[in-house]
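Protein chains in written order, with the numbering used here: chain A, 1 to 102; chain B, 1001 to 1147. For glycine and all other residues, C-beta sits at the position ideal for the given N, C-alpha and C. Quick caveat, the model's predicted, so the values are computed rather than measured.
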């Protein structure tokens, strides 16, 4: 009885090790990469950028598929990506990902 | 319930949690990039995604190991209950505010819906509570000592 009590959790760990090593998670990787992208504007009241309204929604897609409306750069956010559609505006949130502009 | 049955039930429950924590912890490590992407989309965790992507799977693996070691089983059961409660409240939050976000849990559990997850987690909370109560029974404590 004592041996079973010891061996059973060890077997469970070993099965978990094998099962996790052979689990494929490709499908969800594609699904979750798609974001809701919004254009960011800058003004005196919002020097770090703001998404003013729902009209700033640009596209829903994976980052690699998004054609930015800005010239590529590295300083300011051109587009900010969110995992779900924004419901409150204006928002200064930086989102899950960003596409930069000069 | 006789001592023998209690002992078997207890071993099965502990083994189930060992499997759960080891499987989800290792899956998160083996597929860390994917785990990180999901965490970055979480409104609660995106600022700490890098740290959480290591701390959470390591905590799960440590809990699994503590559950295996007889002397640390009771402590591990309390950690299990705490972790399951944290996960359940996190699922509740996501279910209410960000239902579009995929689950950042490891392995095949990722294919469950949020409501399915909530039911599973509530069951696991109940199970960990049951196991804690079971191991706290005086008769069972005695049988542990004499085994």
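Going by C-alpha to C-alpha distance, which of the options sits closest to residue i?
i, options, result
"residue 54 (chain A)", "A:86, A:21, A:67", "A:86"
"residue 1058 (chain B)", "B:1119, B:1083, B:1129, B:1096", "B:1083"
"residue 1041 (chain B)", "A:4, A:21, A:100, A:62", "A:62"
"residue 1081 (chain B)", "B:1062, B:1055, B:1130", "B:1130"
"residue 57 (chain A)", "A:48, A:64, A:68", "A:68"
"residue 52 (chain A)", "A:99, A:18, A:96, A:88", "A:88"
"residue 10 (chain A)", "B:1090, B:1014, B:1027", "B:1014"
"residue 41 (chain A)", "A:70, A:97, A:13, A:5", "A:70"
"residue 1094 (chain B)", "B:1114, B:1079, B:1011", "B:1114"
"residue 1054 (chain B)", "B:1030, B:1096, B:1128, B:1120", "B:1030"
"residue 100 (chain A)", "A:46, A:76, A:17", "A:76"
In this structure, how does DSSP classify residue i when only helix, strand and coil are distinguished?
i, result
"residue 1115 (chain B)", "helix"
"residue 41 (chain A)", "strand"
"residue 1147 (chain B)", "Note that residue 1147 (chain B) has pLDDT 48, beneath the 50 cutoff, so the model's placement of it is unreliable and the number below is only indicative. Looking at residue 1147 (chain B) - three-state DSSP - the assignment turns out to be coil, as it is neither helix nor strand."
"residue 1062 (chain B)", "helix"
"residue 48 (chain A)", "coil"
Using a C-beta cutoff of 9 Å, does residue i count as contacting chain B?
i, result
"residue 89 (chain A)", "no"
"residue 29 (chain A)", "Below a pLDDT of 50, predicted positions are generally treated as unreliable, and residue 29 (chain A), at 48, falls in that range; the measurement from the model is reported next regardless. Interface residue, yes."
"residue 49 (chain A)", "no"
"residue 99 (chain A)", "no"
Taking C-beta pairs closer than 7 Å, name the residues in chain A that residue i reaches, listed in chain order.
i, result
"residue 1014 (chain B)", "9"
Is the shortest distance between the beta-carbon of residue i and the beta-carbons of chain A less than 9 Å?
i, result
"residue 1044 (chain B)", "no"
"residue 1085 (chain B)", "no"
Could you work out which residues of chain A lie near residue i, taking near to mean beta carbons separated by less than 8 Å?
i, result
"residue 1058 (chain B)", "Correct list: empty, because the minimum Cβ distance to chain A is about 14 Å."
"residue 1022 (chain B)", "12, 13, 16, 17, 20"
Contact check, residue i vs residue j under 8 Å by CB: the rounded distance?
i, j, result
"residue 96 (chain A)", "residue 83 (chain A)", "5 Å"
Do residue i and the ligand NAD come close, with the Cβ less than 8 Å from some heavy atom?
i, result
"residue 54 (chain A)", "As presented, the structure is devoid of all ligands, the ligand NAD included, so that no description of it is given."
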